[in-house]
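Enquirer: Those sequence lines, one after another, are chains A and B. Position 323 (the first sequence) corresponds to 322 in numbering that gives the first Met the number 0; numbering is contiguous. Position 217 (the second sequence) corresponds to 216 in numbering that gives the first Met the number 0; numbering is contiguous. Cβ coordinates follow ideal geometry from the N, Cα and C atoms, glycine included. Small disclaimer: the values here were computed from a predicted structure and weren't measured.
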Amino acid sequence: MFNVKTTAFILCMLVAAVASSACSRGGGEGAATLEFWCYSGGGAKDQTGAFWQAVARGFERANPGVRVSVVSDIPHNYYMSMLGTRFIGRNPPDVMLMDDVDLGDLAREGMLTPLEPFIRSDPNYRSEDYAPSMVRDSHVGGVRYSIPWYGSFVQMTYRSDLFERAGVKPPRTWDELLTVCRRFQQALGMTYPFAMSLSGSFWMINWAWQNGASVVSPDHKRVTVDTPAFIEAVQFVHDLMHKHRVMTPALTGGTKMNDLWSTGKIAMMLDGAFSVGRYDLLYPQWEGKWALAPLPAGKHDVSFYGGAHLVMSQVTKDRDLAWRFMVYVTSVPNQLMYADMMGIPPGNMKVFELPAFQQRHPHLAGMRVAIERGRNNPLAPFFPKIWYDLFRNRVVDVVMPDPQADVAAVVRSAARDMQQVADDYWARHPELAKGLSKP
Amino acid sequence: MSVRIGHRWHEAAWGGGFLLPGVTIIYGFVLLAGLLAFVLSFTHCSRYGTITWAGLYNYRKLLTDPLALRSFVNTLHYVAVFVPANLCLALGIALLLNRRFPGMRLIRSVYFVPVVVSGVVVVSIFRFIYDRDYGPINAVLTTIGFEPVPWLWDAGWAMWSIIAMDLWKASAFFSIIFLAALQDVPRELHEAAEVDGASTVRRFWHVTLPSLRPVITAVVALSSIGAFRVFIPMFVLTEGGPAYATRTIALHAYLAGFRDGELGYSSATSFTLLGIILTATLVLTWVRRRDE
Numbered sequence: 000m001f002n003v004k005t006t007a008f009i010l011c012m013l014v015a016a017v018a019s020s021a022c023s024r025g026g027g028e029g030a031a032t033l034e035f036w037c038y039s040g041g042g043a044k045d046q047t048g049a050f051w052q053a054v055a056r057g058f059e060r061a062n063p064g065v066r067v068s069v070v071s072d073i074p075h076n077y078y079m080s081m082l083g084t085r086f087i088g089r090n091p092p093d094v095m096l097m098d099d100v101d102l103g104d105l106a107r108e109g110m111l112t113p114l115e116p117f118i119r120s121d122p123n124y125r126s127e128d129y130a131p132s133m134v135r136d137s138h139v140g141g142v143r144y145s146i147p148w149y150g151s152f153v154q155m156t157y158r159s160d161l162f163e164r165a166g167v168k169p170p171r172t173w174d175e176l177l178t179v180c181r182r183f184q185q186a187l188g189m190t191y192p193f194a195m196s197l198s199g200s201f202w203m204i205n206w207a208w209q210n211g212a213s214v215v216s217p218d219h220k221r222v223t224v225d226t227p228a229f230i231e232a233v234q235f236v237h238d239l240m241h242k243h244r245v246m247t248p249a250l251t252g253g254t255k256m257n258d259l260w261s262t263g264k265i266a267m268m269l270d271g272a273f274s275v276g277r278y279d280l281l282y283p284q285w286e287g288k289w290a291l292a293p294l295p296a297g298k299h300d301v302s303f304y305g306g307a308h309l310v311m312s313q314v315t316k317d318r319d320l321a322w323r324f325m326v327y328v329t330s331v332p333n334q335l336m337y338a339d340m341m342g343i344p345p346g347n348m349k350v351f352e353l354p355a356f357q358q359r360h361p362h363l364a365g366m367r368v369a370i371e372r373g374r375n376n377p378l379a380p381f382f383p384k385i386w387y388d389l390f391r392n393r394v395v396d397v398v399m400p401d402p403q404a405d406v407a408a409v410v411r412s413a414a415r416d417m418q419q420v421a422d423d424y425w426a427r428h429p430e431l432a433k434g435l436s437k438p
Numbered sequence: 000m001s002v003r004i005g006h007r008w009h010e011a012a013w014g015g016g017f018l019l020p021g022v023t024i025i026y027g028f029v030l031l032a033g034l035l036a037f038v039l040s041f042t043h044c045s046r047y048g049t050i051t052w053a054g055l056y057n058y059r060k061l062l063t064d065p066l067a068l069r070s071f072v073n074t075l076h077y078v079a080v081f082v083p084a085n086l087c088l089a090l091g092i093a094l095l096l097n098r099r100f101p102g103m104r105l106i107r108s109v110y111f112v113p114v115v116v117s118g119v120v121v122v123s124i125f126r127f128i129y130d131r132d133y134g135p136i137n138a139v140l141t142t143i144g145f146e147p148v149p150w151l152w153d154a155g156w157a158m159w160s161i162i163a164m165d166l167w168k169a170s171a172f173f174s175i176i177f178l179a180a181l182q183d184v185p186r187e188l189h190e191a192a193e194v195d196g197a198s199t200v201r202r203f204w205h206v207t208l209p210s211l212r213p214v215i216t217a218v219v220a221l222s223s224i225g226a227f228r229v230f231i232p233m234f235v236l237t238e239g240g241p242a243y244a245t246r247t248i249a250l251h252a253y254l255a256g257f258r259d260g261e262l263g264y265s266s267a268t269s270f271t272l273l274g275i276i277l278t279a280t281l282v283l284t285w286v287r288r289r290d291e
């Protein structure tokens, strides 16, 4: 059936395959391998892959015999789904990056390694170097499961040249915001000087916090968007657009913020620190003509600050090695490199004190106040559903395009459905009802 | 005799061998996975695999969840508009294409282009077409003095915009099916009706349409199944918004499972949708058999 040549060829191939397999196994013996995962697209210049490869190679040089395998090209939207598959297969990466809101479920299901023993015994890691709010977010049920990686704040980005021409300074309060906008309308003839994205509910929470309101109660059992303070905050934003006519309504109809900013139709906008690094790339026409300021304060001086953390999986074989890697990547030099490559404020606050950082990132360095007054979204597991889905669709999408909307009635109606989601969660997880966000 | 039995056995063994990979894939990856998903619908299953028995909780929740109800209503809205519109449009295009004139083959090929374009690509094209500030539709509207319409950003327009987009893509496919069926209608029937003095409209009603009845039933069944499962445009274009105007039941199931981590509830939603589709298909089959 087979001739001699064919048989000889097959035998040669088999021998080659066995030999190469043996060689590759022999070469890998003794080398510890660490797998690290992070999502891409979070950076202003999106050099995620390049950064993590550089860090991994640096760690390998500092730890001969160690190999770090980096997976860094998963888009943020699909990251947790893909990571979830690895966890279900009980084969997760050793170390991974994760948004604070995703920590809770994994920690409660026993998928993560508690880090307190490592932190206590390692003089190279100092929790005091990180923003207290991010350290607080590292805990689930009183146990620490993560270390902060980066934190992003929300700020007012404004055209400094226009502010100079109008003879005004960035607004510090809600009243000043109105005054400054009116000044722009009168002095420069701008129709709508101020813009805030309404393609979601992310930005809205800042106004509520500033008015002393919150989305859920501290124990995460009760949805509190129907309180007078919360409704007043939503009404204020609605009024900025429809009553005072200083905030553009175009964004409720699909106009993009980038278009308004790039064409100079607005003088200030709410934006996140994660975008700051790309301003000069996207809008070279405004280079040197923009600056950052904290959000104008309401009754309380507070705005968003939250971000991503590093965690270690429960099934990591070499936990000491994984911890060493986590400490290495959060060291000051690596965090500075992260800021340089990504344009994002690092989590390690020691970096803010470096002259090199202050020189290369003056806008970010000047916004330390936004971190100090920062507050994170509640880490209730159902928060994304009630806030980013229900509040957006039931309130933001309904009241913001409608000048005649009955804001209070719409918010109260949405609050009932949001509460139903919270009740359903606690009914399914009675064992988790205690100690959800205990620091 | 023994030769024949041996031959048959040999043939059956070969046939079985060829069938084995397909059968393994279908039973192993589709039916088994489907069975597991059905069992999952009676559990609380987290996104990380922790499972507890829930009985009928997820199905009861489906009945009381206002968002699920809204998603069902939106899906029915989509089906009720899309299916008849698709039927009329596809049949109309097929009737136009069923004529003989120079360049007809090229025109038929052009009409088929939407079918071969990927759904996500179509969605991306229409995202531009529907753009409020730069889209060509609004450019025309503003040129003739109308205000630009936020096609995908207005709760009143979003679903209609998506239906229009899906009709553009789906009618091309179904028009080809109708075209094939039209070419099978016996020419003698038309000639006899013409001799009897029947007008074009009467010939369509009394000759063409009755001949197409089995194809019409098949088209309605196929487009209904597709319409009940509609997902990609809502997921990519509007994420179910604005104000839940485009949230369909398939999207509801996806978000429950992969965003909210409620895999049991997501499975229950999916199997309820499967039940609806099966019921609709059975009704259509019964109608077709009754007609026959």
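1) Roughly how many whole angstroms lie between the Cα atoms of A/Ser439 and A/Arg171?
2) Terminal residues of the continuous alpha helix (DSSP H) containing A/Arg66?
3) What is the rounded straight-line gap between the Cα of A/Met336 and the Cα of A/Arg359?
4) If we ignore side chains and look at the alpha-carbon of each, how far apart do B/Ser117 and A/Gly276 end up?
5) Taking DSSP's pairing of strands, which residues face A/Met267 in a bridge?
6) Might you give, ordered along the chain, the residues of its own chain that have their beta carbon closer than 7 Å to the beta carbon of A/Trp208, omitting 5 neighbours on each side?
7) By the 10 Å Cβ neighbour count, where 16 or more other Cβ atoms means buried, how is B/His9 classified, buried or exposed?
8) Specify, as a first and last residue, the run of the alpha helix (DSSP H) that A/Met95 falls within.
9) Can you give me the Cβ contacts of A/Val350 inside the same chain, cut-off strictly under 8 Å, excluding the 5 residues immediately before and after it?
10) Note down the Cα distance separating B/Thr141 from A/Pro91, rounded to an integer number of angstroms.
11) Along chain A, which residues have their Cβ under 7 Å away from the Cβ of B/Tyr243?
12) Name the two residues that bound the continuous beta strand (DSSP E) containing A/Glu34.
13) Nearest chain B C-beta to A/Leu435 closer than 8 Å, yes or no?
14) Taking Cβ-Cβ distances shorter than 7 Å, what residues in chain A pair up with B/His43?
15) Is any beta-carbon of chain A found at less than 8 Å from that of B/Phe257?
16) Buried or exposed: where does A/Gln154 fall if 16 or more other Cβ atoms within 10 Å of its Cβ makes it buried?
17) Using a Cβ cut-off of 8 Å, pull out every chain A residue sitting near B/Gly240, in sequence order please.
18) In or out: B/Arg59 buried (at least 16 other Cβ within 10 Å) or exposed?
19) Starting from B/Ala89, trace the alpha helix (DSSP H) both ways and give me its first and last residue.
20) Below 8 Å between beta carbons: does that hold for B/Pro358 and A/Gly199?
21) At the 8 Å Cβ level, is A/Asp422 part of the contact set with chain B, yes or no?
22) I'd like the ranges of any beta strand (DSSP E) spanning at least 3 consecutive residues and lying wholly in the stretch 275 to 299 of chain A.
23) B/Leu250 by DSSP, collapsed to three states: which one?
24) Could you compute how far the alpha carbon of A/Trp285 sits from the alpha carbon of A/Thr262?
25) Could you tell me whether any Cβ in chain E is nearer than 8 Å to the Cβ of B/Tyr47?
26) Can you give me the Cβ contacts of A/His241 inside the same chain, cut-off strictly under 8 Å, excluding the 5 residues immediately before and after it?
27) Kindly say whether A/Pro383, judged by its beta-carbon, lies nearer than 8 Å to any beta-carbon of chain B.
28) I need the straight-line Cα distance from B/Phe127 to B/Ala191, nearest angstrom please.
29) Please name the residue in B/Val72, B/Pro147, B/Arg287 whose C-alpha comes closest to that of B/Thr306.
30) For chain B, is any of its Cβ atoms less than 8 Å away from the one on A/Ile87?
31) With three or more beta-carbon pairs closer than 8 Å as the criterion, would you say the stretch 226 to 233 of chain B touches the stretch 70 to 87 of chain B?
32) Taking A/Asp258 as the reference, which of B/Gly21, B/Gly33, B/Tyr110, B/Asp130 has the closest Cα?
33) Along chain A, which residues have their Cβ under 7 Å away from the Cβ of B/Leu346?
34) Going by C-alpha to C-alpha distance, which of B/Gly263, B/Val194, B/Val282, B/Thr284 sits closest to B/Leu35?
35) Under 8 Å, do B/Val214 and B/Phe172 count as touching if we go by C-beta distance?
36) Here's the rule I'm using: 16 or more other beta-carbon atoms within 10 Å means buried, otherwise exposed. How should A/Arg411 be labelled?
Expert: Based on what the coordinates show:
1) The requested residue 439 of chain A does not occur in the structure, where chain A is confined to residues 0 to 438.
2) Here A/Arg66 belongs to no alpha helix (DSSP H); instead the beta strand (DSSP E) covers 65 to 74.
3) 11 Å
4) 35 Å
5) A/Tyr157, A/Phe193
6) His299, Val301, Arg374
7) exposed
8) Note, A/Met95: premise wrong, no alpha helix (DSSP H); beta strand (DSSP E) at 94 to 98.
9) Val331, Gln334, Leu335, Ala338, Phe356
10) 54 Å
11) Asn392
12) 31 to 39
13) Low local confidence applies: a pLDDT of 46 at A/Leu435 is under 50, so the model's placement there is unreliable, with the coordinate-based value given in what follows. False, the Cβ-Cβ gap to chain B never drops below 8 Å.
14) Arg427
15) yes
16) buried
17) Arg391, Asn392, Asp396
18) exposed
19) 65 to 96
20) Here chain B covers residues 0 to 291 and nothing more, so residue 358 of chain B does not appear.
21) no
22) 289 to 292
23) helix
24) 10 Å
25) No chain E appears in the structure shown, which is made up of the protein chains A and B.
26) Pro248, Pro402
27) yes
28) 50 Å
29) Outside the displayed range of chain B (0 to 291) lies residue 306 of chain B, so it cannot be described from this structure.
30) yes
31) yes
32) B/Asp130
33) In this structure chain B extends from 0 to 291, so residue 346 of chain B is not present and cannot be described.
34) B/Gly263
35) no
36) exposed
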